[in-house]
Amino acid sequence: MKEVDVVLIGGGIMSANLGALLKKLDPSLKIHLYEVADDFAKEASDGWHNAGTGHAGICELSYTPHRGSDGEVEVTKAVEIFEEFEKSLQFWASTVREGMIDSPAEFINPVPHLSFVHGEEGVDFLTSRFQGLKKHHFFESMTFTNDRDEIKKWAPLLVDGRSDEPVAATKMDHGTDVNFGALSRKLIAWIGSQDDCQTLTRHRVTDLKEVESGWQVSIRNEKTGERFEVRSHFVFIGAGGGSLPLLQKSGIPEAKGYGAFPIGGQWLICQTPGIVSKHHAKVYGAALGAAPTMAVPHLDTRVIDGKRSLLFGPYGSWTTKFLHEKGSFSDLFQSIRFGNLWPLIKTGICNIPLVGYLIGQGLQSMDRRLTELRRFYPEVEKGDWKLIDAGIRVQAIKSVDGDAGIVHFGTEVLTNQKKTISALLGASPGASVSVNVMLDVIKKCFPHLLEGPPLAILQALIPSYDRDLKSNDEAEFFHGIHEAALQELHLSKKPESRPPAS
Ligand SMILES: Cc1cc2nc3c(=O)[nH]c(=O)nc-3n(C[C@H](O)[C@H](O)[C@H](O)COP(=O)(O)OP(=O)(O)OC[C@H]3O[C@@H](n4cnc5c(N)ncnc54)[C@H](O)[C@@H]3O)c2cc1C
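For the record, in the sequence shown the residue sitting at position 3 is 1120 according to this note's numbering, with numbers rising by one throughout.
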């Protein structure tokens, strides 16, 4: 039986970042990565399965939903997300600088981030949000306008054909569109090229058994049917929707009582060159009705395989599958255990409006979908848009969730007491903050890599690793490292060098 230091289950953005970070910090590590699908990152991390927004708190109104006692919009969460995304930017920039991966335009592109509101209440909200954010050095370059002509210059589709209602928008030019799938594949290719490392597709991890030296991992080759076992000191379950079933198989007490609630999604996409070329922005609006926070609509430029297109959504949908490509409609039912039955029932009862919303969203006609899109793009024409599937978000449900608020449940990393296994559950804010989340795994399970020579390596890879970038005292340091990362990722490009509309 092979013995390794680290087994990574799943070839999405989480395992890709963790594997690359670990191998950089300790080049002697033997790392194996197993992915069940025919290629890496074809589930939630795939380019078409998520919105590719480099979430930095710039445009997402859902990160700033509350007003403080003074009536002003609270912006703390947006500042935190910005700081977390900055760590991702710095790490990815370092991987380019060090030649681990190349051609950054294949996975990250500059796309301005806009928030757009209409109606008096929306304009008042955005004005307060802007005033709160603008004071912070992260958001210094943000601009605000309630002048239609100005908004038309920023994003003409939003204004043409719109009624006279008040409108307002904020904009920051240094927003990003990220193809997390392409990035994962590049990082995994680098891991696979390193000594003592192996990355395999079409290999399903079927079981996990705790042994004295760590874990015995059972694997099935999906092509040949061959089964084999690997022993590993540490296992990371980065299997996205497949994480909960594996966590349950591990039998660790920390996993008891956890359940999962999958939320499917769909996008409308447009690839008509005349329309795509008129919109170069990610435009986020406010949540609608019963929509969960992660279903706040947005009209986005997407850059995939060097071509631009427009994407609108997400539309939620009801599903019982945990994985898009390799999942089964029995996934939800198979995840039911005695320990999570009550939280699941309670969640179902408390979220009947959400379930109704998801079923309604999934079944709605194209005309109804376009009515939603018309709130952003009044002159939309049906023939230019088609519906495609987005990825599945598998939200974690905990037995201690008093009010069973699954839809507000973010990313959660579960680690056993011996620190020999970690699993990632949940999907928000997701891929953008994956580096920060994986640094937490390293902090918990590989603390020796955060001191001495490995710490110096980490500080070179992520200069803000152990600094408080949010602090006013760090403003100058932030501007320096931020600009350097933008340059290394080729994000300081002029608009005319944008990729062509497809
Ligand atoms: C509709 C939607 C929109 C989103 N928009 C954004 C966004 O704009 N910005 C953002 O930052 N994030 C966004 N996210 C979240 C982001 O996509 C996810 O957080 C992220 O991709 C999760 O990465 P992962 O590596 O954990 O999982 P995944 O990418 O799903 O990877 C898990 C992998 O594990 C494999 N696997 C599963 N079971 C097994 C097994 N038993 N053995 C071996 N392999 C297995 C799967 O095949 C898969 O390849 C969005 C998500 C969705 C669904």
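Glycine included, every Cβ here is placed at the ideal spot set by N, Cα and C. Note that this is a predicted model, so its numbers are computed, not measured.
Quiz prompt | N- and C-terminal bounds of the beta strand (DSSP E) containing threonine 1338 | solution = Counting from 1 along the sequence shown, the entry for residue 1338 is found at position 221. The sequence shown places asparagine at residue 1338, not threonine. First-last of the beta strand (DSSP E) with asparagine 1338: 1331-1338.
Quiz item: Residue ranges of each beta strand (DSSP E) run of no fewer than 3 residues wholly in the segment 1169-1207, ordered along the chain?
Solution: Counting whole runs of 3 or more residues, the segment 1169-1207 contains no beta strand (DSSP E) stretch at all.
Exercise. For my contact list, serine 1452 and valine 1124 are in at a C-beta cut-off of 8 Å; report their separation, rounded to the angstrom.
Key: Taking the sequence shown and counting its residues from 1, the one referred to as residue 1452 is at position 335. Taking the sequence shown and counting its residues from 1, the one referred to as residue 1124 is at position 7. About 22 Å separates the two Cβ atoms, so there is no contact after all.
Exercise. In the DSSP assignment, find the beta strand (DSSP E) that holds aspartate 1122 and state where it starts and stops.
Key: Here residue 1122 refers to the residue found at position 5 when the sequence shown is read from its first residue. Counting along the chain, aspartate 1122 sits inside the beta strand (DSSP E) bounded by residues 1119-1126.
Quiz item: How many angstroms separate the CA atom of glycine 1128 from the CA atom of glycine 1355?
Solution: Here the question's residue 1128 lines up with position 11 in the sequence shown. Here the question's residue 1355 lines up with position 238 in the sequence shown. Using only the alpha carbons, I get a separation of about 8 Å.
Practice problem: In the DSSP assignment, find the unbroken beta strand (DSSP E) run with alanine 1272 in it and report its ends. | Solution: Here residue 1272 refers to the residue found at position 155 of the sequence shown. First-last for alanine 1272: undefined, no H or E at that position.
Quiz item: The alpha helix (DSSP H) with threonine 1464 in it runs from where to where?
Solution: Looking up residue 1464 in the sequence shown gives position 347. For threonine 1464, the enclosing alpha helix (DSSP H) covers residues 1455-1467.
Quiz item: Would you call valine 1276 buried or exposed, if buried means 16 or more other Cβ atoms sit within 10 Å of its Cβ?
Solution: Numbered from 1 along the sequence shown, position 159 holds the residue referred to as residue 1276. The residue in question, valine 1276, is buried, as its Cβ has 16 or more Cβ neighbours within 10 Å.
Quiz prompt | glutamate 1160 Cβ short of 7 Å to ligand 1 heavy atom set | solution = As a first step, residue 1160 must be located in the sequence shown, where it is residue number 43. For glutamate 1160, the distance from the CB to the nearest heavy atom of ligand 1 is below 7 Å.
Practice problem: Could you give the DSSP three-state label for serine 1245: helix, strand or coil? | Solution: Taking the first residue of the sequence shown as position 1, residue 1245 is located at position 128. It is helical.
Quiz item: Using the beta-carbon count (16 or more within 10 Å), is phenylalanine 1353 buried or exposed?
Solution: On the sequence shown, residue 1353 is found 236 positions in, with the first residue counted as 1. Per the 10 Å Cβ criterion, buried.
Quiz item: At which residues does the alpha helix (DSSP H) containing threonine 1341 begin and terminate?
Solution: The residue you call residue 1341 lines up with position 224 of the sequence shown. Premise fails: threonine 1341 is in no alpha helix (DSSP H) and is neither H nor E.
Quiz item: Can you tell me whether DSSP reads leucine 1603 as helix, strand or coil?
Solution: If you number the sequence shown from 1, residue 1603 lands on position 486. In the three-state reduction of the DSSP assignment, leucine 1603 falls in the helix class.
Exercise. Would you tell me roughly how many angstroms separate the C-alpha atoms of aspartate 1417 and phenylalanine 1157, rounded to the nearest one?
Key: Along the sequence shown, read from residue 1 onward, the residue named residue 1417 stands at position 300. Along the sequence shown, read from residue 1 onward, the residue named residue 1157 stands at position 40. Take the alpha-carbon of aspartate 1417 and the one of phenylalanine 1157: they are about 25 Å apart.
Quiz item: Quick one: complete beta strand (DSSP E) runs, 3+ long, within the segment 1207-1243?
Solution: Listed in chain order, they are 1225-1227 and 1230-1235.
Quiz item: Taking contact to mean at least 3 C-beta pairs separated by less than 8 Å, is the segment 1226-1241 in contact with the segment 1284-1297?
Solution: Contact holds: three or more Cβ-Cβ distances are below 8 Å.
Exercise. Would you kindly report the start and end of the unbroken beta strand (DSSP E) that includes proline 1431?
Key: Counted from its first residue, the sequence shown places residue 1431 at position 314. Element bounds for proline 1431: 1424-1435.
Practice problem: Would you mind giving the Cβ-Cβ distance between histidine 1441 and glycine 1508, rounded to the nearest angstrom? I have them listed as a contact below 8 Å. | Solution: Against the sequence shown, residue 1441 aligns to sequence position 324. Against the sequence shown, residue 1508 aligns to sequence position 391. Under the criterion of beta carbons closer than 8 Å, histidine 1441 and glycine 1508 qualify as touching, at roughly 6 Å.
Exercise. Please confirm if the segment 1477-1493 is in contact with the segment 1428-1440, defined as three or more CB-CB distances below 8 Å between the two stretches.
Key: Cβ pair count under 8 Å is three or more, so yes.
Quiz item: Nearest chain D C-beta to lysine 1499 closer than 8 Å, yes or no?
Solution: Structure shown: chain D not included; a single protein chain is present.
Quiz item: Under a three-way DSSP split, which group does leucine 1487 fall into?
Solution: Here residue 1487 corresponds to residue number 370 of the sequence shown, with the count starting at 1. In the structure shown, leucine 1487 sits in a helix (DSSP, three-state: H, G or I).
Exercise. State the Cα-Cα distance for the pair glycine 1164 and glycine 1171, rounded to the nearest angstrom.
Key: Looking up residue 1164 in the sequence shown gives position 47. Looking up residue 1171 in the sequence shown gives position 54. Taking the straight line from one Cα to the other gives about 12 Å.
Quiz item: To the nearest angstrom, how far is it from the Cα of aspartate 1143 to the Cα of glutamate 1257?
Solution: Within the sequence shown, residue 1143 is the residue found at index 26, counting from 1. Within the sequence shown, residue 1257 is the residue found at index 140, counting from 1. If I take the Cα positions, the gap works out to 38 Å.
Quiz item: What residue from His1183, Val1328, Glu1201 and Ser1145 has the CA that sits closest to proline 1580's CA?
Solution: To locate residue 1580, count along the sequence shown from 1; it is residue 463. Residue Glu1201 is the option with its Cα nearest to proline 1580.
Quiz prompt | Check: proline 1431 C-beta below 7 Å from any heavy atom of ligand 1 | solution = In the sequence shown, counting from the first residue as 1, residue 1431 sits at position 314. It does: the Cβ of proline 1431 is within 7 Å (strictly closer) of some heavy atom of ligand 1.
Quiz prompt | Of the listed residues Ala1154, Asp1583 and Ser1280, nearest to threonine 1318 (C-alpha basis) | solution = In the sequence shown, the residue the question calls residue 1318 occupies position 201. Of the candidates Ala1154, Asp1583 and Ser1280, Ala1154 places its Cα closest to the Cα of threonine 1318.
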